[in-house]
Amino acid sequence: MDTRALLTTTLLSVAKSLWPLLLVAVLVGLYRLFRPQIKGWFGEYLVYRSLLRELPAAGYRVLHDVTLALGAGDTTQIDYIVIGPGGVTVIETKHFSGWLFGDAREAQWTQVIYRHKTRFQNPFRQHWKHVQALRERYELPAEAVHSAVVLLGCEWKASERPQGLSLSAGERLRGVRAQPAGGSVRRPVRGSPSASKRSAWRPA
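Counting from 1, position 84 in the sequence shown corresponds to residue 84 in the UniProt record's numbering; the numbering is continuous, with no gaps.
Dropping the structure here:
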């Protein structure tokens, strides 16, 4: 075997033995790059599966990733809408690490990871716009629409927790089930879970 053939054989042998390590390195790099998005998607999936698994299909309808038309060509995206005997629950999910501090009235909250502090927008601020858009779009009374924010992967450290804030999918499920039946609720009768602006609504 000449030198060139020997070198080629050696390189091929090394490549075959190293490709699993290279693949792992690429996957780790991609995970680090897209870690926030992956955690967010995984958190949304857990909430969605919990809602579908635990809420009775006969009494509840779960819509996921709803795009709602606002007018003038604008739209807004809502993570979950749960329609049940207690009304319509609009759910926003976020994934955070570390400790969270905040107040329902504050524009920004604080995330603490070890000693590093980061300020971020109060999730209820954006969520309130979603709730208002849904009420106005379908002319729903205030008492029939409930607001909920689910923060996953974190620990709440403020002295008081804002009303409607949950730290797990199970906690939010208990909140949905505890809502008293009644109120003027309307139900979507057409449209997919991912596009609700074409849905027609009728009294429950």
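Heads up, the beta-carbon is just placed ideally off N, CA and C, and yes, glycines get one too. Keep in mind it's a predicted model, so treat the numbers as computed, not measured.
CB-CB length for residue i against residue j, believed under 8 Å
i: GLN111; j: PHE96; result: 6 Å
i: VAL62; j: VAL82; result: 5 Å
i: THR67; j: ALA133; result: Contact doesn't hold; Cβ gap of about 11 Å is too wide.
i: ALA69; j: PRO162; result: Wrong, their Cβ atoms sit about 29 Å apart, outside the cutoff.
Option in the options with minimal Cα separation from residue i
i: LEU173; options: GLU44, LEU51 and LEU46; result: LEU51
i: ALA58; options: PRO85, THR67, LEU46 and THR76; result: PRO85
i: ARG115; options: HIS130, ALA104, TYR45 and GLY98; result: GLY98
i: VAL150; options: THR93, PRO162 and LEU55; result: THR93
i: TYR60; options: GLY87, ARG49 and TYR45; result: GLY87
6 Å CB neighbourhood of residue i in its chain, flanking five on each side removed
i: PHE101; result: THR110, LYS157 and ALA158
i: GLU44; result: THR93
i: GLU155; result: TRP99
i: LEU46; result: ALA169
i: THR118; result: GLN111
i: ARG135; result: VAL145
Residues near residue i by beta carbon distance below 7 Å, same chain, minus five either side
i: GLY175; result: ALA148 and SER166
i: VAL131; result: VAL90, VAL145 and SER147
i: ILE113; result: SER97 and GLY98
Close Cβ partners of residue i (< 8 Å) along its chain, the five nearest in sequence each way excluded
i: ALA107; result: GLN121, ASN122 and ARG125
i: GLN179; result: GLY84, PRO85, GLY86, GLY87, THR89 and HIS146
i: TYR48; result: VAL62, HIS64 and TYR80
i: LEU55; result: VAL62, VAL82, GLY84, LEU173, VAL176 and ARG177
Residue i classed as buried or exposed, judged by whether at least 16 other C-beta atoms fall within 10 angstroms
i: ASP74; result: exposed
i: GLY71; result: exposed
i: ALA142; result: exposed
i: ARG170; result: The sequence given here places Gly at residue 170; Arg does not occur at that position. GLY170 should be labelled exposed.
i: ILE78; result: buried
i: SER13; result: exposed
Inset, instruction - Mind listing, in chain order, the continuous alpha helix (DSSP H) runs of no fewer than 4 residues lying wholly within the region 123-192? - result: Counting only runs of 4 or more residues that sit fully inside the region 123-192, the alpha helix (DSSP H) segments are 123-138 and 169-178, in chain order.
Legend entry - Continuous beta strand (DSSP E) assignments of at least 3 residues falling wholly in the region 57-86: Taken in chain order, the unbroken stretches of beta strand (DSSP E) that lie wholly in the region 57-86 and span 3 residues or more are 61-71 and 74-84.
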